[in-house]
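Enquirer: Dumping the structure here so I can ask a few things about it.
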Amino acid sequence: MSRVLVTGATGYVGGRLVPRLIEEGHQVRCLVRTPAKLAAAPWREEVEVVAGSVDGPLAEAMRDVDVAVYLVHGIGDGDDWAAKESRDARHFREAAEAAGVGRIVYLGGMGADGRALSEHLTSRHDVGRELAAGTVPVTELRAAVIIGSGSASFEMLRYLVEVLPVMVTPKWVTTKSQPIAISDVLNYLVTCISSPEPFTGVFEIGGPDVVSYAEMMDLYAAEAGLSPRRLIPVPFLTPRLSSHWVGLVTPVPASLARPLVDSLVNEVVVRDTRTLEMLGAPERSLREAISLALGRTSRHDVPTSFTDADLQPFRAYATDPSWAGGTELVDERQRRSRASAHDVFAALCAVGGETGWYSGEWLWRLRGLVDQVWGGPGLRRGRRHPSELRVGDYVDFWRVDELVEDQFVRLHAEMRLPGEAWLEWRITTAADGTHLVQRARFKPRGLLGRLYWYAVAPFHGLVFPGLLRGIVADAEAR
Numbered sequence: 002m003s004r005v006l007v008t009g010a011t012g013y014v015g016g017r018l019v020p021r022l023i024e025e026g027h028q029v030r031c032l033v034r035t036p037a038k039l040a041a042a043p044w045r046e047e048v049e050v051v052a053g054s055v056d057g058p059l060a061e062a063m064r065d066v067d068v069a070v071y072l073v074h075g076i077g078d079g080d081d082w083a084a085k086e087s088r089d090a091r092h093f094r095e096a097a098e099a100a101g102v103g104r105i106v107y108l109g110g111m112g113a114d115g116r117a118l119s120e121h122l123t124s125r126h127d128v129g130r131e132l133a134a135g136t137v138p139v140t141e142l143r144a145a146v147i148i149g150s151g152s153a154s155f156e157m158l159r160y161l162v163e164v165l166p167v168m169v170t171p172k173w174v175t176t177k178s179q180p181i182a183i184s185d186v187l188n189y190l191v192t193c194i195s196s197p198e199p200f201t202g203v204f205e206i207g208g209p210d211v212v213s214y215a216e217m218m219d220l221y222a223a224e225a226g227l228s229p230r231r232l233i234p235v236p237f238l239t240p241r242l243s244s245h246w247v248g249l250v251t252p253v254p255a256s257l258a259r260p261l262v263d264s265l266v267n268e269v270v271v272r273d274t275r276t277l278e279m280l281g282a283p284e285r286s287l288r289e290a291i292s293l294a295l296g297r298t299s300r301h302d303v304p305t306s307f308t309d310a311d312l313q314p315f316r317a318y319a320t321d322p323s324w325a326g327g328t329e330l331v332d333e334r335q336r337r338s339r340a341s342a343h344d345v346f347a348a349l350c351a352v353g354g355e356t357g358w359y360s361g362e363w364l365w366r367l368r369g370l371v372d373q374v375w376g377g378p379g380l381r382r383g384r385r386h387p388s389e390l391r392v393g394d395y396v397d398f399w400r401v402d403e404l405v406e407d408q409f410v411r412l413h414a415e416m417r418l419p420g421e422a423w424l425e426w427r428i429t430t431a432a433d434g435t436h437l438v439q440r441a442r443f444k445p446r447g448l449l450g451r452l453y454w455y456a457v458a459p460f461h462g463l464v465f466p467g468l469l470r471g472i473v474a475d476a477e478a479r
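Here you go:
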């Protein structure tokens, strides 16, 4: 039994790895920016949680650690995100050396090193080199496309195939890839973490199937019971145009899709037998991986999603001087209900996604479309679950910021905005029934932020009263 530090425990892979490590008998410590995001995890009481990040103080997180698992990825987080990734990896390695950590296990990206490698994959390899540049043994697993419910690659595939019976595609649809099921990724990670001796070096991990992206789309359509999709490759569809197309059609925003699409021009297949000889063979075919992911998605049984990680590209951090950043503009409305506080809270937990926003739905959809055009998440993310919420959940272009059962819900906007926005509801019980206060709050950045608020204020009068009425009506119907 080892003490294992898991970074990125609120992310897609980390959130699935932690319970596997607990099952194996390891003592798990999670390093997370926002500990509240783990409050609803069924394994929360079985792990130690340390608040922090890989670019901050790490002495407490690294104390008495046998294995440190590096799962963080800053893709698209600012113009210098790749350089920051390298700095963070160096800082993490130095902290591990100082603490006497036994080994580091890192999940990176596949691809042959060279000048033609995309920025995304180059950064993944640079992180691996930084981690391995010291005295701590490092296992670097390089994966291609990860297929599982909620993964960015699977969601891109799912929406493209389901939404578009005919697709105008770039040349990269013929690029070969070796996708791997998320369950096999977890198996390899657990093997490397649990081994008595470290597996040092780079290991390429892939499933048993080598396919083009076009073949992957055909296979998805067959498993989903859809008619064969017609693909029309064209030479002029650049990665930038492709990323905007992906951003419009799928829940993956253009700012995240761009570096991913750039990587699709690189062939990512396993080139040696080292992994098979030392770590064993993968268990699931691509068809099985797609079928399992489809099943979990249809049952709303998606334990983690790529959107669980904070989407830093959409956070508007204030850079204005103090005199420009202190203003908060508010739209507040109130309503009384005959329903109990519990039923009002349940109705709040169902907003967005398939339920919608009750009033001015076309305006919400238009705002979502504008957001997607400008590289935001839009409305296509939907929800993790149709009626349950937890801190960190995504709700269309919002994320749950705070949640107090039967009392309070606050959503933080991840749409493209010249400022920061929240939508919140406070529930109180009085002698004449349940009172619900709805507040839309906006902290503008500079003049552009203020102009934006006053430009959309007339539309608030069309959507916010109806939203409040719809929530109350839903609560009373319960």
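Residue 178 in this note's numbering sits at position 177 of the sequence shown; the count goes up by one each step and never skips.
Note that CB positions come from ideal geometry on N, CA and C, so glycine has one too.
Predicted model, so just to flag it, every value in this text is computed and none were measured.
1) Out of curiosity, what's the CA-to-CA distance linking F93 and I147?
2) Does the beta-carbon of L437 have 16 or more other beta-carbons within 10 angstroms, so that it is buried, or is it exposed?
3) Which residue spans inside the region 181 to 218 form an unbroken alpha helix (DSSP H) run of at least 4?
4) Can you tell me the Cα-Cα spacing of G109 and K177, whole angstroms?
5) Taking the DSSP output, what are the residues bridged to R336?
6) Applying the criterion that 16 or more other CB atoms from any shown protein chain within 10 Å of the CB defines a buried residue, is A491 buried or exposed?
7) Can you check which of these residues, T435, E131, V186, is closest to P209 by C-alpha distance?
8) Does the ligand ATP have a heavy atom nearer than 7 angstroms to the CB of G110?
9) Output the residue ranges of the alpha helix (DSSP H) runs that lie fully inside the region 17 to 105 and measure 4 residues or longer, sorted by chain position.
10) Does DSSP put F398 in a helix, a strand or coil?
11) Tell me, to the nearest whole angstrom, how far the beta carbon of L39 is from that of T11; I am working on the premise that it is less than 8 angstroms.
12) When we look at the beta-carbon of W363 and count the other beta-carbons within 10 Å, is it buried (16 or more) or exposed?
13) In angstroms with no decimal places, state the Cα-to-Cα distance between V162 and M218.
14) Below 8 angstroms on the Cβ atoms is my contact criterion, and I expect V270 with Q179 to pass it. Report the Cβ-Cβ distance as a whole number of Å.
15) Kindly list the residues whose CB is nearer than 6 angstroms to the CB of L312, restricted to its own chain and excluding five residues on each side of it in sequence; keep chain order.
16) Apply the 10 Å Cβ neighbour rule to H126 and answer buried if 16 or more other Cβ atoms are within range, or exposed otherwise.
17) Between H413 and the rest of its own chain, which residues show a CB-CB distance below 7 angstroms, the 5 nearest in sequence each way excluded?
18) Does the beta-carbon distance from A96 to V128 come in below 8 angstroms?
19) Who are the Cβ neighbours of W324 in its own chain at under 6 angstroms, not counting the five residues just before and after it?
20) What is the rounded straight-line gap between the Cα of A317 and the Cα of G420?
21) In the structure shown, what three-state DSSP assignment does G357 receive?
22) Going by other Cβ atoms of all chains shown within 10 Å of its Cβ, with 16 needed for buried, is I472 buried or exposed?
23) Determine the extent of the beta strand (DSSP E) in which G420 is found, giving its start and end residues.
24) Who are the near neighbours of R231 in its chain, counting only those whose CB is closer than 6 angstroms to its CB and skipping five residues on each side?
25) Please report the residue range of the beta strand (DSSP E) in which A117 lies.
26) Let me know the secondary structure DSSP gives L232 once reduced to three states.
27) Just curious, the beta strand (DSSP E) that R4 is in, first and last residue?
28) For the alpha helix (DSSP H) containing K144, list its first residue and its last residue.
29) Hey, would you say I194 sits closer than 8 angstroms to V5, going by beta carbons?
30) In the DSSP output, what is Y107 paired with across the bridge?
31) Could you tell me the alpha carbon to alpha carbon distance between S150 and A441, rounded to whole angstroms?
32) List the residues that DSSP assigns as beta-bridge partners of F409.
33) Per DSSP, R384 is paired with what?
34) Let me know if H121 comes out buried or exposed under the rule of 16 or more other beta-carbons within 10 Å of its beta-carbon.
35) Less than 8 angstroms between the beta carbons of A432 and A290, yes or no?
36) May I ask you to report which of helix, strand or coil DSSP gives L277?
Expert: By the coordinates alone:
1) 25 angstroms
2) buried
3) 183 to 195
4) 18 angstroms
5) L437
6) Here the chain comprises residues numbered 2 to 479, so residue 491 is not present and cannot be evaluated.
7) V186
8) Summarising the ligand content, the structure contains no ligands, and the ligand ATP is consequently not present.
9) 60 to 63, 82 to 100
10) coil
11) 6 angstroms
12) exposed
13) 6 angstroms
14) 5 angstroms
15) Legend: pLDDT at L312 = 45, less than 50; position of this residue unreliable, value from coordinates given subsequently. Counting only Cβ-Cβ distances below 6 angstroms, and skipping sequence neighbours, we find E415.
16) buried
17) W399, R400, D402, W423
18) no
19) In this predicted model, W324 has a pLDDT of only 33, less than 50, meaning its place in the structure is not dependable; the value taken from the coordinates is given anyway. Correct list: empty, nothing qualifies.
20) Only weak support is given to the placement of A317: the predicted model assigns it a pLDDT of 33, under 50, and the value that follows is read from those uncertain coordinates. Computed Cα separation, rounded: 6 angstroms.
21) strand
22) buried
23) 420 to 431
24) V167
25) Note, A117: premise wrong, no beta strand (DSSP E); not H, not E.
26) strand
27) 4 to 8
28) In the sequence as displayed, the identity of residue 144 is Ala instead of Lys. Unbroken run through A144 is the beta strand (DSSP E), 139 to 144; no alpha helix (DSSP H).
29) yes
30) Y71, E141
31) 32 angstroms
32) V405, R427
33) V396
34) buried
35) no
36) helix
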